[in-house]
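Basically this note's numbering = 1-based index in the sequence shown + 723. Have a look at the structure below, then the notes.
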Amino acid sequence: MYKNIKNIDKIVFGRGSFNQLDEIIEPIRKENNKYFVFIVDDFFKGKELEKRLPLHNKDIVKFVFTGKDEPKTSQIDQLRDEIMNTQGLPSGVVGIGGGSAMDIAKALSVMFAQEGSSTLYQGLNLAKNPGVYHLGIPTISGTGAECSTTAVLTGPEKKLGIKCEYTPFNQLILDSELTATVPKDKWFYTGMDCYIHCIESSTGRLYNTFSKAYGDTSLDLCRQVYLGENSGQTPENAEKLMVASLFGGLSLSYSEVGVCHALSYGLSYVFGTRHGIANCISFNVLDDYYPQGLQEFREMLETHNISLPKNLAQTWTEEQITKMAEIAYALSHMWDHALGVDWQTKLNLDIIKDLFRRM
Ligand code: NAD
Ligand code: ZN
């Protein structure tokens, strides 16, 4: 059986395209209780973008703080209950920000139409009813959350996405002007999420012509942005990285992430380490799995003077290392893609623990 991929319905791409938001959602405003919910990364609170939000009288703006924790199931449940109890079902949700704000918007739109806690829907095709219209506007590039079929949430027991055909956005607005203010370290770490997606996608068993076509273009753009003659945070590179992120995500829609993301999820679960940097820390110990990608990754680190935190494992307890290894081991779809269907014969908790001890 081949995957039947649910893609984004509509995309606007171009500098300044944020200005089209009002016009784009106008026809949707007649749905449900005739108002929109805007989930906005709180970096934009008090900034020019806040003034540019096309708010109509009943609209709700929720600024989400993404500086510390990644999206949680409890946060989604609380947002949904609070909004439903005050204004009922909205016409739609707009998510403006990075992977976190976009995943909150995606999860919320699905959860508006499901009963009970979002923990019940972490997994594949568990949501039964279509959610409300949702529109994504990335303001930092790399995760591919703008086009993926998953909304990653950390719950009491696991970090796992709500993954179903109702999760992908109905509409994207890709305006690279919005990424101009991203600080250099975040630009690097989140951008590397994209680079690592492509390396992991291309080195596993699910890789196919579809994944390769998107992945090759994405990798080429990442190389221009991070290693090219005019590398760095320029407006031209901001456009390239936005497309690289989208194409990296599309490459994954037919493929999978691998060893790096499995370890990274463990790190984020136990220590709350942000996804981008958690990936970089994890990738840096994977010489046995991704030697070529690592060589290039280290060139990128050097080119942009990024130094990764070192000797982290020295302060970790055995219990923490075991918990991370268990979280990583449970991500069977990633190991299956990276190591093959017989991955369990090649992997055990001790091998994973050793990798964590190298961090
Ligand atoms: P993020 O959204 O967690 O945080 C981004 C940070 O950058 C925040 O501190 C934010 O305030 C800041 N920021 C965003 N835009 C800015 C701008 N224009 N100027 C200045 N600062 C800005 O970071 P991320 O790396 O984009 O996303 C990571 C999250 O995405 C994790 O929760 C991860 O699990 C999830 N993720 C999801 C998918 C998916 O397919 N759904 C894929 C990869 C990662
Ligand atoms: Zn990722």
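By construction, the Cβ of each residue, glycine as well, lies at the ideal position given by its N, Cα and C atoms. Since we're looking at a predicted model, the values are computed, not measured.
Between which two residues does the beta strand (DSSP E) carrying residue i extend?
i, result
"D764", "F759 to D764"
"H857", "Y856 to P861"
"T1045", "From DSSP, T1045 is part of no beta strand (DSSP E) but of the alpha helix (DSSP H) over E1041 to Y1052."
"G820", "G815 to G820"
"I896", "Q894 to L897"
Are the CB atoms of residue j and residue i within a distance shorter than 8 Å?
i, j, result
"S1005", "G867", "no"
"V1008", "L1078", "yes"
"I1075", "G1016", "no"
"K781", "I762", "no"
"G884", "G859", "no"
"S978", "S941", "no"
"L847", "P794", "no"
"V760", "I806", "yes"
"L975", "S841", "no"
"L950", "V966", "no"
"Y930", "F970", "no"
"G865", "T796", "no"
"Y856", "G815", "yes"
"M1047", "L990", "yes"
Report the rounded CA-to-CA distance for residue i versus residue j, giving the unit in angstroms.
i, j, result
"T1045", "A1036", "12 Å"
"E1019", "D916", "14 Å"
"S823", "T902", "15 Å"
"S740", "L897", "7 Å"
"N960", "T809", "43 Å"
"N745", "L831", "One detail in the question is off: residue 745 reads as Asp in this sequence, not Asn. If I take the Cα positions, the gap works out to 21 Å."
"T1038", "A836", "44 Å"
"F788", "M825", "12 Å"
"A850", "E1025", "44 Å"
"D1145", "G927", "The structure shown does not extend to residue 1145, since the chain is modelled only from 724 through 1082, so no value can be given for it."
"D800", "G878", "11 Å"
"D732", "L1070", "39 Å"
"F892", "T862", "15 Å"
"D908", "Y725", "38 Å"
"G790", "W910", "14 Å"
"A1061", "A1001", "18 Å"
"S925", "V735", "28 Å"
"E771", "E900", "12 Å"
"G737", "I747", "15 Å"
"N742", "E773", "12 Å"
"I1050", "C983", "13 Å"
"D1059", "A1053", "11 Å"
"Y1032", "G811", "It is worth fixing the name first, because residue 1032 is Pro in this sequence and not Tyr. Straight-line Cα distance between these residues: approximately 46 Å."
"N755", "G854", "12 Å"
Could you give the first and the last residue of the continuous alpha helix (DSSP H) run that contains residue i?
i, result
"I922", "K907 to S925"
"K963", "P958 to S976"
"T873", "Per DSSP, T873 belongs to no alpha helix (DSSP H); it is in the beta strand (DSSP E), T873 to T877."
"G865", "Segment: none, G865 is in no alpha helix (DSSP H) and carries neither H nor E."
"G1016", "P1014 to T1026"
"V948", "T932 to L950"
"F1079", "L1072 to R1080"
"I731", "From DSSP, I731 is part of no alpha helix (DSSP H); its letter is neither H nor E."
"L1062", "S1055 to L1062"
When burial is assigned at 16 or more other CB atoms within 10 Å of the CB, is residue i buried or exposed?
i, result
"V1064", "exposed"
"E962", "buried"
"R997", "buried"
"L986", "buried"
"F994", "exposed"
"E869", "buried"
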